Amino acid sequence: MYRRRGDHTEVFLVHPGGPFWANKDLGAWSVPKGEYGEDEQPLEAARREFLEETGFTAEGPFQDLGKVTQASGKIVTAWAFEGDCDPSKLVSNTCQIEWPPRSHRLLEIPEVDRGSWFLISEARKRIKSSQEPFLDRLCAILTVSPK
Numbered sequence: 161m162y163r164r165r166g167d168h169t170e171v172f173l174v175h176p177g178g179p180f181w182a183n184k185d186l187g188a189w190s191v192p193k194g195e196y197g198e199d200e201q202p203l204e205a206a207r208r209e210f211l212e213e214t215g216f217t218a219e220g221p222f223q224d225l226g227k228v229t230q231a232s233g234k235i236v237t238a239w240a241f242e243g244d245c246d247p248s249k250l251v252s253n254t255c256q257i258e259w260p261p262r263s264h265r266l267l268e269i270p271e272v273d274r275g276s277w278f279l280i281s282e283a284r285k286r287i288k289s290s291q292e293p294f295l296d297r298l299c300a301i302l303t304v305s306p307k
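Residue numbers for the sequence shown follow the numbering used here, beginning at 161 and rising by one.
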């Protein structure tokens with residue numbers, strides 16, 4: 161999601177929940193994302209995941225930002241849409257993780273622990289490096305400065 165504030169464009173990013181990510185900031189933020197099955201279209205899945213991870217509805221029109229491959233090998237497909245939200249009202253779904261690793265203890269965590277609006281220049285510092293091309297593509301579509 162992006163919004164325009166005067167001459168500036170801001171993007172909405174989310175921070176992953178859980179103890180592993182608790183003290184990580186730069187390079188830890190992401191576009192809301194998730195998995196989808198063969199019976200679901202990618203855009204439908206993206207809209208569903210956005211709602212599940214933020215509690216906010218994604219309303220089009222949507223701009224296709226293509227795909228990137230993360231370090232884990234996971235392929236992420238993203239779309240942009242213009243919108244607005246109050247990050248303090250974010251409500252995320254939860255998931256279970258084993259924590260500490262190899263402890264056989266399950267811990268329920270929010271998939272996302274917070275969201276925030278960032279200028280493109282600040283988003284570049286915060287977003288996972290593999291997702292930075294999404295910012296470049298958004299800037300190209302909106303014809304705004306990539307900085």
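Just so it is clear, CB atoms sit at the ideal spot from N, CA and C, and this is done for glycine as well. Computed from a predicted model, the values in this text were never measured in an experiment.
*Is Glu268 helix, strand or coil by DSSP?*
strand
*How close, in whole Å, do the beta carbons of Gln291 and Val236 come, if the pair is a contact with beta carbons under 8 Å?*
7 Å
*Beta-carbon proximity check, Ile257 vs Ser190, cutoff 8 Å*: no
*asked:* Applying the 10 Å Cβ sphere with the 16-neighbour rule, what's the burial state of Thr169?
replied: buried
*State the DSSP-derived secondary structure class of Thr214, mapped to helix, strand or coil.*
helix
*Does the beta-carbon distance from Ile269 to Gly178 come in below 8 Å?*
yes
*Going by DSSP, what residues sit across from Gly178 in a beta bridge?*
Answer by DSSP bridge pairing: none, since Gly178 is not bridged.
*CB of Pro176 within 8 Å of CB of Val228, strictly*: no
*Are Ser210 and Pro192 touching if we call contact CB-CB under 8 Å?*
Before going on, a small fix: residue 210 reads as Phe here, not Ser. Result yes, Cβ atoms of Phe210 and Pro192 sit closer than 8 Å.
*Is the beta carbon of Ile173 less than 8 Å from the beta carbon of Ala240?*
Just to set this straight, residue 173 is Leu in the shown sequence, not Ile. Their beta carbons are not under 8 Å apart, which means Leu173 does not touch Ala240 by this criterion.
*asked:* With the cut-off set at 8 Å, would you say Glu213 and Val171 are in Cβ contact?
replied: no
*What's the C-alpha gap between Pro202 and Cys299?*
22 Å
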